[in-house]
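Note sheet for the following structure.
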Amino acid sequence: MKVERKIESEVIDRSVLMVIAYMMNRGLIDSLDFPVSKGKEAYVFRAKPGRKVKSDFVAVKIYMIETSRFEHMHDYIRGDPRFRKIGGTKKDIVYAWTKKEFRNLMLMHESGVHVPEPYFFRNNLLAMEFIGDAGNPESPAKLLKDVGPPDPKRNFQQIVRDMKRMYDVGLVHGDLSEFNILVQGDKLVIIDVGQAVLLDHPMAEEFLRRDVANVVRFFRKFSIKADEEDILKKVKGQEKAKANEKEGKEKTKEQETERETE
Ligand SMILES: Nc1ncnc2c1ncn2[C@@H]1O[C@H](COP(=O)(O)OP(=O)(O)OP(=O)(O)O)[C@@H](O)[C@H]1O
Ligand SMILES: [Mg+2]
3 MKVERKIESE VIDRSVLMVI AYMMNRGLID SLDFPVSKGK EAYVFRAKPG
53 RKVKSDFVAV KIYMIETSRF EHMHDYIRGD PRFRKIGGTK KDIVYAWTKK
103 EFRNLMLMHE SGVHVPEPYF FRNNLLAMEF IGDAGNPESP AKLLKDVGPP
153 DPKRNFQQIV RDMKRMYDVG LVHGDLSEFN ILVQGDKLVI IDVGQAVLLD
203 HPMAEEFLRR DVANVVRFFR KFSIKADEED ILKKVKGQEK AKANEKEGKE
253 KTKEQETERE TE
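Terminal number for the sequence shown in the numbering used here: 264, no gaps in between.
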């Protein structure tokens, strides 16, 4: 009870309830089951799907307005041409961040990166595919840091390919590590993409190096010997498709998604 009350005051405020009711009315979710996680910035809930969603469960991520590190968020949003016109309040920034995570997920998902499929966003709520544990789909998949890679060689190759696909579509994850990768059966699913930046972000190169270093370091524990510079080259290999060029397509998709859910 104590925990529930805390959740209510911290994350489920009136405006969050309104969006949840909206999602229910639109057939996106049927009920909110329980919190799967309380992270630094957000709660993630498991939800039952509504009539419009064809999956066993939905994950609903709700960003906290008060406790989010919005200054830090601002650094990742500033200069992003996708978010030129946003206000300066905490709320504005957290809302923009939620939208940014949705758009990043959309771009990545369309490019074949292993991420949860995004369904809907509004204000500080984001609904996406629930990544269940392969052996027990009612529970969320476990983090790579806790269970390790089921097939290190293939899993490593998958993550390198995913980083490359992100890069080719003009994005760098920026917080990629075993803490933001879920293990679902024999495949890995990358999560937490709100901070992912476009390639022309001043820190993009540094973030990419850090992502590659994290991944190489983690897989080294499982006897995968890879050289950071080689992997970096591999990821950057082909010509970079600018995200701006995809903007139009992305927008249409986003509108479609919003239409579908209206
Ligand atoms: N789509 C999903 N399906 C299943 N579980 C998920 C999903 N998205 C997130 N989770 C769970 O919720 C946790 C927090 O999600 P995420 O990393 O996106 O948020 P965060 O606020 O950055 O949290 P943290 O600070 O713990 O990293 C994840 O570690 C994972 O266990
Ligand atoms: Mg995380």
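Even for Gly, the Cβ is constructed at its ideal location relative to N, Cα and C.
Quiz item: With distances taken from CA atoms, which of ASP232, ALA228, ASP32, HIS116 is nearest ALA129?
Solution: ASP32
Quiz prompt | Environment of GLU241 [buried if 16+ CB atoms lie within 10 Å] | solution = Residue confidence is low: GLU241 scores 42 on pLDDT, short of 50, so the model does not pin down where it sits. Its coordinate-derived value is still stated next. Classification for GLU241: exposed.
Self-check item: Spatial distance of ILE226 from ILE22 (CA atoms)
Solution: 44 Å
Quiz item: How big is the Cα-Cα spacing for ASP15 and ASN125?
Solution: 12 Å
Practice problem: Taking only heavy atoms of ligand 1 into account, decide whether any of them is closer than 7 Å to the Cβ of GLU43. | Solution: yes
Quiz item: Curious, which full-length beta strand (DSSP E) runs of at least 3 residues does the segment 103 to 130 contain?
Solution: 120 to 124
Quiz item: What's the C-alpha gap between ALA98 and ARG48?
Solution: 23 Å
Practice problem: Answer with yes or no whether the minimum CB distance from VAL195 to chain D is below 8 Å. | Solution: The structure shown has no chain D; it contains just one protein chain.
Practice problem: Classify LYS147 as helix, strand or coil using the three-state DSSP reduction. | Solution: helix
Quiz prompt | Closest Cα partner of LEU190 within the set LYS235, PRO152, MET205, LYS166 | solution = PRO152
Exercise. Drop a sphere of 10 angstroms on the beta-carbon of LYS63, count the other beta-carbons inside from all chains shown, and report buried for 16 or more, exposed for fewer.
Key: buried
Quiz item: Does DSSP classify VAL64 as helix, strand or coil?
Solution: A quick correction: the sequence has Ile, not Val, at residue 64. Correct three-state label for ILE64: strand.
Quiz item: What are the boundary residues of the alpha helix (DSSP H) that includes GLN160?
Solution: Taken as a continuous stretch (DSSP letters only), the alpha helix (DSSP H) holding GLN160 covers 154 to 170.
Exercise. With DSSP collapsed to three states, give me the class of LYS236.
Key: helix
Exercise. Please list, in chain order, all residues of the same chain as GLY239 whose beta carbon is under 8 Å from its beta carbon, the five residues on each side excluded.
Key: LYS166
Quiz item: Mind checking whether LEU210 and VAL171 have CB atoms under 8 Å apart?
Solution: no
Quiz item: Sorry if obvious, but does the Cβ on PHE181 come closer than 7 Å to a heavy atom of ligand 2?
Solution: Yes; taking the cut-off as 7 Å, the Cβ of PHE181 has a heavy atom of ligand 2 nearer than that.
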